[in-house]
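In what follows, a single structure is set out as structure tokens and then discussed.
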Amino acid sequence: MTFRWFWSSLLLAGLLTSCATGRLQKVPESPAPVTSPAFAEEVSRITGQTWTQGNSIRTLPNGGVFIPAMLAAIRSAEKTLTWENFVAVDSQPVIDFTEAFIERAKAGVKVHVLFDAYGSNTYGKKHIQAMRAAGIDVRFYSGWKLYNPFLYNHRTHRRILVVDGKTGFVGGAGLAYAWDGEADGPHRWRDTMYEVHGPIVAQLQHAFNDNWKEVAREPVNGPDHFPALTTAGSLTAQSVLGSPKKTHDTIGSSFLLALRAARKSIVISHAYFIPNRPVIEALFEAKKRGVHVELLVPGQHTDMTLCPTTTAPLLRKFIAAGIEVREFEPCMMHGKLVVIDDHLSIIGSGNIDQRSFFINDENNVFVLSAAFAREQMAMHEKDKARSRVLAEKDLHQPFGKWLKGCFGRWVQHQL
1 MTFRWFWSSL
11 LLAGLLTSCA
21 TGRLQKVPES
31 PAPVTSPAFA
41 EEVSRITGQT
51 WTQGNSIRTL
61 PNGGVFIPAM
71 LAAIRSAEKT
81 LTWENFVAVD
91 SQPVIDFTEA
101 FIERAKAGVK
111 VHVLFDAYGS
121 NTYGKKHIQA
131 MRAAGIDVRF
141 YSGWKLYNPF
151 LYNHRTHRRI
161 LVVDGKTGFV
171 GGAGLAYAWD
181 GEADGPHRWR
191 DTMYEVHGPI
201 VAQLQHAFND
211 NWKEVAREPV
221 NGPDHFPALT
231 TAGSLTAQSV
241 LGSPKKTHDT
251 IGSSFLLALR
261 AARKSIVISH
271 AYFIPNRPVI
281 EALFEAKKRG
291 VHVELLVPGQ
301 HTDMTLCPTT
311 TAPLLRKFIA
321 AGIEVREFEP
331 CMMHGKLVVI
341 DDHLSIIGSG
351 NIDQRSFFIN
361 DENNVFVLSA
371 AFAREQMAMH
381 EKDKARSRVL
391 AEKDLHQPFG
401 KWLKGCFGRW
411 VQHQL
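Counted from 1, the sequence shown has number 311 at position 311 by full-length UniProt numbering; the numbering is strictly sequential.
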């Protein structure tokens, strides 16, 4: 680290720290359990969304599964395709998606693509040009503006694909070689996407419109984008739209509500776990009232080395309090999963950090189903088998990492 880099980082951190992040909504201290109608009502109050019945959700672990599934869905499109994506790197998956979108556009399908201007700036100009030449409406969200540089800090972190208004995909994965595999080595990440059918797909289309209206000045609409949706399964689910620039926090507040509602167990498997004080206190309180709490985070393979140094002191306190903390060993663990009392599952793009709560646009999905929760726990158990339990001594840091962690805690709401 050079002194120039150090002082530049301090200056940047000071500027970013000056940006207000926001506050969580008022959440009951002792909400009803997640199996109760009262809990579902409180979720809707916080999120402003309604619950949908009759959905099906297919779990797609790792890119070796979800990339072919998404490509097959794109190639099946007959009328419309909408895609909002945070991160993409020019690679074979990007080439495959580009070609699939172009083929459908030439067949008369209306295709709308919204990329985050920062996360997808490595998508490849030639691919963007080819899509536009084929008639695809490609837009970029929150580009750099000299007259308002702080706006660039606000990103769309969502991953939403909707096909013909009937099939949706949500999760936290991007497109790059890192996602193109089975998490079987350090260069192939562990991640999960979900394929959804049923009434909740309309909520995902509305979520896409949230930012599309902002950049294009008009939404996608009509029966081709919003067809009548029939029952596709038995799941009760809700799309939780995180749009902190336009309204109050929903992502963090709904996480907090779920943690406070736990009666038996809290399972968190998250790539970037940098919680704020209310979430931290909720986890300690849950442990005190006898809830089993376990946490799975990335190990040595991580794309954000500042994260583990920032949270090490907190994780030591968790372990001292009896919370089980594990780190995933084979590769970067980029998944985002919370399961409460073997009944509520929280999936999607939102991390448990202040950037997801107060800065980025996100989209989570709440699912109320013991059967779906069992499926997520079975996947989680496979991840646990590839992880190791941490002890307090494992989280003691040499001075350099300790200093780096101090810096991280100073700017943690930006990580």
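Here a beta-carbon is modelled for each residue, glycine too, at the ideal position from N, C-alpha and C.
Just so we're clear, the structure is a prediction, and the values are computed from it rather than from any experiment.
Grab the span of the alpha helix (DSSP H) containing residue i for me, first residue to last.
{"i": "residue 337", "result": "Per DSSP, residue 337 belongs to no alpha helix (DSSP H); it is in the beta strand (DSSP E), 336-340."}
{"i": "residue 203", "result": "200-216"}
{"i": "residue 43", "result": "37-47"}
If we ignore side chains and look at the alpha-carbon of each, how far apart do residue i and residue j end up?
{"i": "residue 164", "j": "residue 225", "result": "6 Å"}
{"i": "residue 402", "j": "residue 73", "result": "47 Å"}
{"i": "residue 396", "j": "residue 329", "result": "18 Å"}
{"i": "residue 128", "j": "residue 169", "result": "22 Å"}
{"i": "residue 301", "j": "residue 227", "result": "43 Å"}
{"i": "residue 322", "j": "residue 176", "result": "38 Å"}
{"i": "residue 202", "j": "residue 275", "result": "31 Å"}
{"i": "residue 179", "j": "residue 373", "result": "24 Å"}
{"i": "residue 54", "j": "residue 236", "result": "6 Å"}
{"i": "residue 144", "j": "residue 156", "result": "14 Å"}
{"i": "residue 416", "j": "residue 149", "result": "This structure gives no information on residue 416, because the portion of the chain shown stretches from 1 to 415."}
{"i": "residue 208", "j": "residue 160", "result": "7 Å"}
{"i": "residue 57", "j": "residue 252", "result": "23 Å"}
{"i": "residue 20", "j": "residue 388", "result": "Any reading at residue 20 must be qualified, since the residue scores a pLDDT of 49, below 50, and its modelled position is unreliable; no value is offered."}
{"i": "residue 404", "j": "residue 308", "result": "10 Å"}
{"i": "residue 106", "j": "residue 204", "result": "25 Å"}
{"i": "residue 171", "j": "residue 394", "result": "31 Å"}
{"i": "residue 259", "j": "residue 28", "result": "11 Å"}
{"i": "residue 115", "j": "residue 218", "result": "17 Å"}
{"i": "residue 360", "j": "residue 142", "result": "11 Å"}
{"i": "residue 158", "j": "residue 398", "result": "36 Å"}
{"i": "residue 63", "j": "residue 81", "result": "20 Å"}
{"i": "residue 96", "j": "residue 32", "result": "46 Å"}
{"i": "residue 281", "j": "residue 239", "result": "26 Å"}
{"i": "residue 24", "j": "residue 134", "result": "44 Å"}
{"i": "residue 386", "j": "residue 327", "result": "9 Å"}
{"i": "residue 22", "j": "residue 162", "result": "31 Å"}
{"i": "residue 351", "j": "residue 310", "result": "15 Å"}
{"i": "residue 270", "j": "residue 69", "result": "23 Å"}
{"i": "residue 234", "j": "residue 344", "result": "14 Å"}
Could you check where the beta strand (DSSP E) with residue i kicks off and where it finishes?
{"i": "residue 24", "result": "Premise fails: residue 24 is in no beta strand (DSSP E) and is neither H nor E."}
{"i": "residue 56", "result": "52-61"}
{"i": "residue 196", "result": "192-197"}
Closest to residue i by C-alpha separation, out of the options, would be which residue?
{"i": "residue 206", "options": "386, 384 and 48", "result": "48"}
{"i": "residue 174", "options": "131, 123 and 213", "result": "123"}
{"i": "residue 250", "options": "355, 409 and 290", "result": "355"}
{"i": "residue 59", "options": "259, 267, 289 and 196", "result": "196"}
{"i": "residue 222", "options": "79, 369, 116 and 409", "result": "79"}
{"i": "residue 319", "options": "96, 350 and 295", "result": "295"}
{"i": "residue 306", "options": "138, 411, 367 and 46", "result": "411"}
{"i": "residue 41", "options": "375, 368 and 413", "result": "368"}
{"i": "residue 243", "options": "211, 413, 134 and 269", "result": "211"}
{"i": "residue 200", "options": "92, 394, 270 and 167", "result": "167"}
{"i": "residue 36", "options": "370, 383 and 388", "result": "370"}
{"i": "residue 183", "options": "365, 133, 125 and 382", "result": "382"}
{"i": "residue 214", "options": "189, 377, 241 and 246", "result": "246"}
{"i": "residue 90", "options": "376, 125 and 106", "result": "125"}
{"i": "residue 192", "options": "39, 338, 38 and 393", "result": "338"}
{"i": "residue 430", "options": "121, 132 and 349", "result": "Nothing can be reported for residue 430, as the shown portion of the chain is limited to 1 through 415."}
{"i": "residue 99", "options": "88, 137 and 71", "result": "71"}
{"i": "residue 30", "options": "39, 22, 23 and 24", "result": "39"}
{"i": "residue 232", "options": "399, 181, 220 and 198", "result": "198"}
Assuming the contact rule is C-beta atoms closer than 8 Å, residue i and residue j should be a hit. Round their C-beta distance to whole Å, please.
{"i": "residue 332", "j": "residue 303", "result": "6 Å"}
{"i": "residue 83", "j": "residue 113", "result": "5 Å"}
{"i": "residue 34", "j": "residue 312", "result": "In fact, because the Cβ distance is near 30 Å, the residues do not count as touching under 8 Å."}
{"i": "residue 119", "j": "residue 86", "result": "4 Å"}
{"i": "residue 263", "j": "residue 291", "result": "7 Å"}
{"i": "residue 390", "j": "residue 315", "result": "7 Å"}
{"i": "residue 256", "j": "residue 279", "result": "6 Å"}
{"i": "residue 241", "j": "residue 363", "result": "6 Å"}
{"i": "residue 342", "j": "residue 377", "result": "7 Å"}
{"i": "residue 365", "j": "residue 340", "result": "At roughly 14 Å, the Cβ-Cβ gap does not stay under 8 Å, so residue 365 and residue 340 are not in contact."}
Is the beta carbon of residue i within less than 8 Å of some heavy atom of the ligand FMN?
{"i": "residue 24", "result": "Absence of the ligand FMN is noted for the structure shown, with no ligands found whatsoever."}
Inset, instruction - Within the stretch 70-148, note down every full alpha helix (DSSP H) run reaching 4 residues or more, in order along the chain. - result: 92-106 and 125-133
Inset, instruction - Please list the segments of the alpha helix (DSSP H) lying wholly inside the stretch 221-294, counting only runs of 4 or more residues, in order along the chain. - result: 251-261 and 277-288
Inset, instruction - Just list the alpha helix (DSSP H) runs in the stretch 347-415, keeping only unbroken ones of 4 residues or longer that don't cross its boundaries, in chain order. - result: 354-358, 370-384 and 399-410
Legend entry - Sequence ranges, alpha helix (DSSP H) only - wholly within the stretch 296-332, length at least 4: 306-320
Legend entry - Length-filtered (3 minimum) beta strand (DSSP E) runs lying within the UniProt domain "PLD phosphodiesterase" (152-179): 160-163 and 167-171
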